[in-house]
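Numbering (the numbering used here), first residue to last: 263 to 774.
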């Protein structure tokens, strides 16, 4: 007989991301909910006072008994205390939620940065910059709305609806049911609208990512496309991304427009008030209720509309937050090379490079290398030539450990690259990429990026060797000039800065 699987279910992405602060968020929601309930006490107080004053024309006149006047003052005091206590609890809930949000935002940014620091460099080459930017910035900002506002708003809305419904049923269950008749219709319209548009949400999110990527790529390529007079053609990719997003946006929102218009009209306060007055008049005419007993329903029932609409907005935002949490969770679970224990790190005995039966296939299954073996001896220069797609760039990237081989191994001085500390590896293997990346810092810091402890003299010697020293001295602040501010370099000059950076490290192996 097979035994049932008792393994605990894996939590969803939202639950996994918010696990460190779920207790604080629950507390914030409870505080806000209790506060919302207390802020409705004045409505009950008004109805109570109206019942007392109905016994006489003058609020504090002789027709009001001493007991009645005492009841009025008690209702006023309870209403005021309830209002201020409710506001205090809501504020406490908001403070708790924002402190929790600060904690989780800090935690997620650090976790994402640490994960990105450990992923293979090839991971970045396989992804558009917009995808990384969305996870690091946009998705965390989306979660801010959830953690800082969603749970307290949900608590307020739920608390207000719950206490209102209980209060109305306590007064008269028949009138309570009739007063709430418009609300089930709202949920029917809402369910239909959300079900229709939900299928198009993935295309909507993908469209946003394409716009991010297309914007970055288009702006980065403006100098090139203007030089060759192909601005219109280059703009085509960005325009296509915008058009695709607009189409996805229409597909998502079109089913919502008519349905939500009907739903909102159905639970508008004036609609609910009309229902209450209509049935209240009927009940009073049939002698089932006194006319004044309709007042609490006229005060409270229309007030349910606002928190109910807030709940709808919150549930809509929850869908966006869930998608953002899924992307963040995917980033935080990105596979990284298995760390090597510090006591197992090995130091190469030489500088010879060996590829031993190396095979590698990209994620799409395309085989780039199969059983490649060769040796690069110290003091030699090797040029790898071949047709496009032959695997030249793949060889270089494997040597730089952008990826690890699927089969075989690559050694430096007899040590497998996977058994070397990352810092040790890049002190022995330098590289100058075809696409130069200079950071927003001074020229000195850009050249000394691989050796922050290098002296000014060593930095200048590397710059002279790369034939960029004179150009740097011509800048307003020389080596203190900052890239993007008072240092605007051409592509060739930026390449020379990259070469100077590699020469300053002076690695035994240099990959161009």
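Every residue gets a Cβ at the ideal spot worked out from N, C-alpha and C, and that includes glycine. Note that the structure is predicted; figures quoted are calculated from it, not measured.
- Between residue 623 and residue 633, the C-beta spacing is not below 9 angstroms.
- The alpha carbon of residue 581 has as its nearest neighbour, out of 305, 407, 378, 399, the alpha carbon of 407.
- The stretch 651-694 is shown to contain whole alpha helix (DSSP H) runs of 4 or more residues at 654-661, 684-690, in chain order.
- Going by C-alpha positions, residue 309 is about 36 angstroms away from residue 579.
- Here residue 646 carries a coil assignment [DSSP, helix/strand/coil].
- Contact between residue 702 and residue 721 is absent: CB atoms are separated by about 18 angstroms, not below the 8 angstroms threshold.
- Per the DSSP secondary-structure output, residue 622 pairs in a beta bridge with 631.
- Taking C-beta atoms under 8 angstroms as the contact rule, residue 503 and residue 473 qualify, at a distance of about 5 angstroms.
- Residue 745 is bridged by DSSP to 749.
- The stretch 426-441 makes contact with the stretch 554-566, as at least three CB pairs between them are under 8 angstroms.
- The distance from the Cβ of residue 302 to that of residue 426 is about 7 angstroms, consistent with a contact at the 8 angstroms cut-off.
- A distance of 9 angstroms or more separates the beta carbons of residue 530 and residue 542.
- If you draw a 10 Å sphere on the C-beta of residue 446, you find fewer than 16 other C-beta atoms in it, and that means exposed.
- Rounded to whole angstroms, the Cβ separation of residue 510 and residue 465 is 4 angstroms, and the two are in contact under 8 angstroms.
- In the DSSP assignment, residue 772 falls within the unbroken beta strand (DSSP E) covering 771-773.
- Residue 768 is positioned such that its CB atom lies no closer than 9 angstroms to that of residue 675.
- In this structure residue 370 is in contact with residue 402, their Cβ atoms being roughly 6 angstroms apart against a cut-off of 8 angstroms.
- For residue 708, the enclosing alpha helix (DSSP H) begins and ends at 705-709.
- For residue 545, the enclosing alpha helix (DSSP H) covers residues 531-547.
- Cβ neighbours of residue 727 within its own chain (closer than 6 angstroms, five residues either side excluded): 765.
- A residue is called buried when at least 16 other Cβ atoms come within 10 angstroms of its Cβ; residue 548 does not meet this threshold and is exposed.
- In the structure shown, the three-state DSSP call for residue 381 is coil.
- The Cβ neighbour count for residue 356, taken over all protein chains shown within 10 Å, is at least 16; the residue is labelled buried.
- Sequence-distant partners of residue 363 (beyond 5 residues in either direction) whose C-beta falls short of 7 angstroms from its own C-beta, in its chain, are 406, 409, 410.
- Within the model, the alpha-carbon separation for residue 415 versus residue 297 is close to 11 angstroms.
- Just so you know, the alpha carbons of residue 295 and residue 687 end up roughly 56 angstroms apart.
- Residue 281 has its alpha-carbon roughly 20 angstroms from the corresponding atom of residue 293.
- Between residue 616 and residue 691, the C-beta spacing is not below 9 angstroms.
- In the structure shown, the three-state DSSP call for residue 424 is helix.
- Within the same chain, Cβ atoms closer than 7 angstroms to the Cβ of residue 734 are found at 705, 725, 740, 741, the five residues on either side in sequence being excluded.
- Within the same chain, and ignoring the five residues on either side of residue 744 in sequence, the residues whose Cβ sits closer than 6 angstroms to its Cβ are 704.
- If the five residues before and after residue 593 are omitted, its C-beta is found closer than 7 angstroms to the C-beta atoms of 374, 377, 397, all from its own chain and listed in chain order.
- Annotation for residue 677: 608, 609, 610, 611 place their beta carbon closer than 8 angstroms to its own, counting only its chain and skipping 5 residues before and after.
- Judged by DSSP secondary structure, residue 435 falls within the alpha helix (DSSP H) whose first and last residues are 435-441.
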